[in-house]
Amino acid sequence: DAGVIQSPRHEVTEMGQEVTLRCKPISGHDYLFWYRQTMMRGLELLIYFNNNVPIDDSGMPEDRFSAKMPNASFSTLKIQPSEPRDSAVYFCASSPTSGALGQYFGPGTRLTVT
Amino acid sequence: GQQVMQIPQYQHVQEGEDFTTYCNSSTTLSNIQWYKQRPGGHPVFLIQLVKSGEVKKQKRLTFQFGEAKKNSSLHITATQTTDVGTYFCAGRSGGSYIPTFGRGTSLIVHP
């Protein structure tokens, strides 16, 4: 398996623009997580899905953020409109039901909003 | 809510010295996981501890879970430059499937 795949790897955009981050989890994994990592706040869980259903989005900072998982092999995280404070590395991770082998993180998307 | 604290935030060592990072939870944990993130990389799962007082080893790395299941430690013996990175603990409590990550300890190894 190729592991968790994220695209794009880098994104530079201007304030006010819409940003869409994409994730392909590992096949067979039931859980999918979106995290944001910054120096100031560390690794923050934004939202997670179980069997494509959003379970907890309490970490989503505000209404500008939305996430979808239309099928078991694809998820998106959208920011509209983007702001400079959204600049961070966004990780997608997946795990099987048992969780005993931890979460498998993708390489991340480094987002810069100018 | 559950909080997981990690200390120290940073640790500089000379190559060959030992290193330890500590993880403390405000609540009793059902299990704890450890991850390593290399600079510019992504977190990579290292291990999971489940039992009270459990000790596991991976080569030069020793992981411990406290008797009360509220703290854990990672000890690296004779550090190498390849050990550089940030080590995170992530604890799960109660019936929650989702672990709470600590802020991590960044290890800097000087050759």
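Protein chains in written order, with the working numbering: chain A, 67 to 180; chain B, 948 to 1058. Every residue, glycine too, gets a C-beta built ideally from N, C-alpha and C. Since we're looking at a predicted model, the values are computed, not measured.
Just to check my reading of the structure: residue i and residue j have Cβ atoms closer than 8 Å, yes? What is that Cβ distance to the nearest angstrom?
i: Phe-99/A; j: Gln-169/A; result: 6 Å
i: Lys-182/A; j: Glu-84/A; result: What the structure shows of chain A is the stretch from 67 to 180, and residue 182/A is not part of that stretch, so it cannot be assessed.
i: Met-105/A; j: Pro-150/A; result: Met-105/A to Pro-150/A, Cβ: 15 Å. No contact.
Going by alpha carbons, who is nearest to residue i out of the options?
i: Thr-975/B; options: Gly-1051/B, Gly-1038/B, Leu-1054/B; result: Gly-1038/B
i: Lys-1016/B; options: Thr-1024/B, Gln-958/B, Ala-1025/B, Tyr-969/B; result: Tyr-969/B
i: Lys-983/B; options: Thr-1026/B, His-1057/B, Pro-1058/B, Gly-1051/B; result: Gly-1051/B
i: Arg-88/A; options: Gly-82/A, Ser-139/A, Ser-148/A; result: Ser-139/A
i: Ser-93/A; options: Phe-171/A, Cys-158/A, Pro-162/A, Ile-121/A; result: Pro-162/A
i: Ile-954/B; options: Glu-1014/B, Phe-1035/B, Ile-1045/B, Tyr-1044/B; result: Phe-1035/B
i: Gly-987/B; options: Leu-996/B, Gly-1032/B, Ile-1045/B, Gly-1041/B; result: Gly-1032/B
i: Lys-1004/B; options: Val-991/B, Ser-1020/B, Pro-990/B; result: Ser-1020/B
i: Thr-1026/B; options: Lys-998/B, Phe-1010/B, Pro-1058/B; result: Pro-1058/B
i: Ser-1053/B; options: Ser-972/B, Gln-980/B, Gln-949/B, Pro-990/B; result: Pro-990/B
i: Glu-1014/B; options: Gly-1041/B, Asn-978/B, Met-952/B, Val-1056/B; result: Asn-978/B
Residues of chain A with CB under 7 Å from residue i, in chain order?
i: Gly-1051/B; result: Gly-108
i: Gln-980/B; result: Gly-168
i: Phe-1010/B; result: Per Cβ cutoff of 7 Å: no residues; Phe-1010/B is ~13 Å from chain A at best.
Pull up the DSSP beta-bridge partners for residue i, would you.
i: Arg-102/A; result: Glu-110/A, Tyr-156/A
i: Asn-1018/B; result: Asn-971/B
i: Asn-978/B; result: Arg-1039/B
i: Gly-1032/B; result: Leu-1054/B
i: Asp-122/A; result: Tyr-114/A
i: Ser-139/A; result: Paired residue(s): none; Ser-139/A is not in a bridge.
i: Tyr-1044/B; result: Answer is none; Tyr-1044/B lacks a bridge partner.
i: Val-85/A; result: Ile-145/A
i: Val-960/B; result: Val-1056/B
i: Leu-167/A; result: Its beta-bridge partners do not exist; DSSP assigns none.
Going along chain B, which residues have a C-beta under 9 Å from residue i?
i: Gly-172/A; result: His-989
i: Leu-87/A; result: Residues of chain B passing the Cβ test: none, with the nearest at roughly 14 Å.
Mind listing the chain B neighbours of residue i? Cutoff is C-beta to C-beta under 8 Å, in chain order.
i: Ala-166/A; result: Gln-995
i: Phe-157/A; result: His-989, Pro-990
Is residue j closer than 7 Å to residue i when the C-beta atoms are compared?
i: Ser-153/A; j: Leu-177/A; result: yes
i: Leu-112/A; j: Phe-1048/B; result: no
i: Val-155/A; j: Gly-174/A; result: yes
i: Asp-965/B; j: Thr-1024/B; result: yes
i: Asp-96/A; j: Asn-118/A; result: no
Which residues of chain A have a Cβ atom closer than 9 Å to the Cβ of residue i, listed in chain order?
i: Phe-966/B; result: Near Phe-966/B there are no residues of chain A at all, since even the closest Cβ is about 20 Å away, more than 9 Å.
Give me the chain B residues within the contact set of residue i, using Cβ-Cβ distance strictly less than 7 Å, ordered along the chain.
i: Tyr-114/A; result: Ile-1045
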